[in-house]
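Chemist:
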Amino acid sequence: MPASIIAPAVPVAAASISSEVRLAYVLQHFWQAYEPTSPVTIGVPGQQAQVEVAVADAGFFDQRQPYPPAPIWHEWQGREVPFFFGPAAGQPLLTLQSGRALVHADLVSAAFYLLSGWQEYFSEERDQHGRFPYAASVQHQYGFVDVPVVNCYFEVLRTAVEHVTGEQLRPRRWLGGAKWAAFVTHDVDSLFGSWKAPAKAALQQGRLLETFQIAMRSLAGVDAWNNLEAVQATARKHGAPSTFFMLGSTQKAANGTPNADYRVSAPGMQRRLRNLQASGAELSVHGSIGTATDAAKLRREKQLLPGTVSGNRFHYLSWEPRLTPGLVDAEGFGYDSTLGFPEHFGFRNSYCLPFQPFNFATGRACSFLEIPLNVMDATLHHPSYLQLAPQEILPALEPMLQEIERFGGVCTLLWHNDHFDPANTVTGPRQFAALMEYLRSRNVAFMTGQQIVNDQKPS
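In my numbering, each number is its position in the sequence shown, counted from 1, plus 3.
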């Protein structure tokens with residue numbers, strides 16, 4: 004792993020995380036992933052369980068190290084899957100006996116490690132924005148960011164359960180009985196910034212009158228990015244409700260990172276937001292820089308939005324694993340949708356379903372639902388990220404989308420409002436339309452965050 008970039012100032016404070024806690028956390032999510040079936044016991048050796056899962060972590064979770072030994076790759080259902088904590092190469096993953104099933108991989112430890120975000124919590128790696136970097140992850144090191152490995156582990160368990168019960172264990176269905184779902188979101192960072200690039204170009208070429216006219220149109224609110232209603236109409240044309248994540252602060256962060264260039268509390272903006280809600284959009288908080296570690300500030304920004312607000316996504320995908328999960332939980336959010344790598348599309352926690360993050364400070368699952376972020380427009384062509392050409396975007400994403408559909412998961416798509424600018428020909432309206440048409444062609448259920456919470460989160 005790379006050397007530390009910025010060590011977090013937040014100290015490690017973790018409760019004792021026993022094997023029983025890890026087993027309960029993993030099984031909680033396993034049973035949420037499938038429709039109910041006949042009762043079956045899943046446990047470790049010595050518990051007389053019908054499905055027995057090996058224990059092979061060798062005390063890893065007592066050491067508080069961020070990275071385990073390298074995974075061993077095994078073929079499962081025609082693909083090579085990385086298995087942390089065994090079994091050794093050449094050994095079977097699963098043995099089926101009369102009325103019993105023996106899982107020879109320590110799937111509980113491996114699933115807990117990835118799903119809980121253990122590597123982020125115990126790593127000191129952070130980037131210039133205080134985020135755990137993709138380059139420091141096991142997903143990057145072993146090349147499986149676009150494969151939901153925890154879902155693969157669950158498929159091994161599913162096979163064992165089906166053998167014991169004699170019943171098919173079906174993935175859960177979504178709104179209207181769809182096999183999978185899509186969550187279409189828009190982070191609203193700027194409404195008045197489209198003029199800057201053309202104005203700069205005109206100024207550099209000495210076209211002073213044109214520069215002045217461009218600036219005046221923006222000041223009058225005539226800006227290609229001041230387009231929330233048009234964004235909603237575009238998504239609705241493809242059959243999807245829009246979820247807008249709205250920034251509540253106009254102050255730059257201490258390091259100069261910008262927040263909003265609009266005031267969400269302005270009367271005119273409040274009217275627009277209420278109208279968007281009335282026409283089917285969902286409004287959620289886009290926690291400004293600093294709110295991922297400041298509960299009071301996040302609470303104030305939540306209160307600025309009209310109506311009932313259930314969701315949050317932090318600006319710049321800020322997330323301090325040692326503080327943020329407990330903070331989001333305490334503030335009563337129904338869901339968060341921050342956890343994706345800005346540098347690469349895929350699965351930050353190696354899971355394609357919503358899940359309840361693990362709170363290491365308390366040793367329990369959080370009560371809010373994390374709806375993982377899978378793909379962001381900026382990731383696809385930002386100079387620091389993937390730099391895909393327009394024609395490369397959908398082919399690059401299709402394998403990941405096929406994984407989500409295969410496991411009955413949720414595809415969370417982030418397309419910023421400024422990327423709906425017709426001048427954007429790289430990650431703009433045309434690329435958004437191609438992705439939406441693909442999703443429609445695969446009979447996805449388009450849902451808001453709150454609908455996903457209502458459908459998936461246990462009571």
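Even glycine gets a Cβ: it sits at the ideal position worked out from N, Cα and C.
Nothing here was measured: the structure is a model prediction, and the numbers come from that model.
Taking all protein chains shown into account, do 16 or more other C-beta atoms lie within 10 angstroms of the C-beta of D421, making it buried, or fewer, making it exposed?
Modeler: D421 is buried by the Cβ-count criterion.
Chemist: Tell me, please, whether the stretch 361–375 touches the stretch 158–172 by the rule of three or more beta-carbon pairs shorter than 8 Å.
Modeler: Short answer: they don't touch.
Chemist: Please report the residue range of the alpha helix (DSSP H) in which R274 lies.
Modeler: First-last of the alpha helix (DSSP H) with R274: P270 to A281.
Chemist: Can you name, in chain order, every residue of its own chain whose Cβ lies under 8 Å from the Cβ of L2, other than the five neighbours on each side?
Modeler: Outside the displayed span of the chain (4 to 462) sits residue 2, for which this structure offers no information.
Chemist: Leaving out five residues before and five after A92 in sequence, what residues of the same chain have Cβ atoms less than 6 Å from its Cβ?
Modeler: If we look at A92 and ignore the five residues flanking it on each side, its Cβ neighbours are I75.
Chemist: Alpha carbons only, please: which of W121, A114, A227 and G179 is nearest the one belonging to Y156?
Modeler: Of the candidates W121, A114, A227 and G179, the one whose C-alpha sits nearest the C-alpha of Y156 is A114.
Chemist: Check whether the Cβ atoms of G412 and L356 lie closer than 8 Å to each other.
Modeler: Yes, the Cβ-Cβ distance between G412 and L356 is below 8 Å.
Chemist: Going by C-alpha distance, which of D192, Y124, L389 and K240 is nearest R266?
Modeler: Considering only alpha carbons, the answer is D192.
Chemist: Can you check which of these residues, A184, N427 and P345, is closest to R134 by C-alpha distance?
Modeler: Out of A184, N427 and P345, P345 has the C-alpha closest to the C-alpha of R134.
Chemist: Does the beta-carbon distance from H77 to L96 come in below 8 Å?
Modeler: Yes. Within cutoff.
Chemist: Is the separation between the beta-carbon of H347 and that of T296 shorter than 8 Å?
Modeler: No.
Chemist: According to DSSP, simplified to helix, strand and coil, what is A92?
Modeler: Looking at A92 - three-state DSSP - the assignment turns out to be coil, as it is neither helix nor strand.
Chemist: With a threshold of 16 other CB atoms inside 10 Å of the CB of A36, please say whether the residue is buried or exposed.
Modeler: Buried, because 16 or more other Cβ atoms sit within 10 Å of the Cβ of A36.
Chemist: For R175 and E38, I'd like the C-alpha separation in whole angstroms.
Modeler: Between R175 and E38, the C-alpha separation is close to 5 Å.
Chemist: Would H384 and T430 qualify as a contact pair, given that the criterion is a beta-carbon distance under 8 Å?
Modeler: Result yes, Cβ atoms of H384 and T430 sit closer than 8 Å.
Chemist: With a 10 Å radius around its C-beta and 16 neighbouring C-beta atoms as the bar for buried, classify S321 as buried or exposed.
Modeler: Classification for S321: buried.
Chemist: Going by DSSP, what residues sit across from E55 in a beta bridge?
Modeler: G46 and L105.
Chemist: If you scan the stretch 320–395 from start to end, which runs of the alpha helix (DSSP H) of 4 or more residues do you find wholly inside it?
Modeler: With a minimum length of 4 residues, the continuous alpha helix (DSSP H) runs that stay inside the stretch 320–395 are 327–333 and 380–384.
Chemist: Just verifying my parser: in three-state terms, what is the DSSP assignment at A185?
Modeler: A185 falls in the strand class under three-state DSSP.
Chemist: Helix or strand or just coil, what does DSSP make of H289?
Modeler: Looking at H289 - three-state DSSP - the assignment turns out to be coil, as it is neither helix nor strand.
Chemist: Using the C-alpha atoms, what's the distance from V456 back to S462?
Modeler: Note that S462 scores 42 on pLDDT, short of 50, meaning its location in the model is unreliable; the coordinates nonetheless yield the value given after this. Approximately 10 Å between the Cα atoms of the pair.
Chemist: Does the Cβ-Cβ distance between H189 and H419 come in under 8 Å?
Modeler: A contact, by the Cβ cut-off of 8 Å.
Chemist: CA-CA distance, R323 and S101?
Modeler: Reading off the sequence shown, one finds Glu at residue 323, where the question assumed Arg. About 47 Å.
Chemist: If we count Cβ pairs, one from each stretch, closer than 8 Å, do we get three or more for the stretch 250–263 versus the stretch 159–168?
Modeler: No: the two stretches stay apart, fewer than three of their Cβ pairs being nearer than 8 Å.
Chemist: Tell me, please, whether the CB atom of H132 is closer than 8 Å to any CB atom in chain D?
Modeler: Here there is only one protein chain, and chain D is not present.
Chemist: Can you tell me whether I75 is helix, strand or coil according to DSSP?
Modeler: Strand at I75.
Chemist: Counting Cβ pairs, one atom from each stretch, are 3 or more of them under 8 Å apart for the stretch 126–142 and the stretch 39–46?
Modeler: Touching, no, given that fewer than three Cβ pairs across the two stretches are closer than 8 Å.
Chemist: Report the three-state DSSP secondary structure of V191 (helix, strand or coil).
Modeler: Residue state, collapsed to three classes: strand.
Chemist: Tell me the rounded alpha-carbon separation between R325 and P48.
Modeler: For R325 and P48, the distance between alpha carbons rounds to 32 Å.
Chemist: Rounded to a whole number of angstroms, what is the C-alpha to C-alpha distance between L66 and W79?
Modeler: The sequence given here has Gln at residue 66, not Leu. Spanning the two alpha carbons is a distance of roughly 30 Å.
Chemist: Relative to the C-alpha of H289, which residue among M272, A281 and L308 is closest?
Modeler: Ranking M272, A281 and L308 by Cα distance to H289 puts L308 first.
Chemist: Taking T98 as part of the beta strand (DSSP E), name the residues at either end of that continuous run.
Modeler: Run containing T98: L97 to Q100, per the beta strand (DSSP E) assignment.
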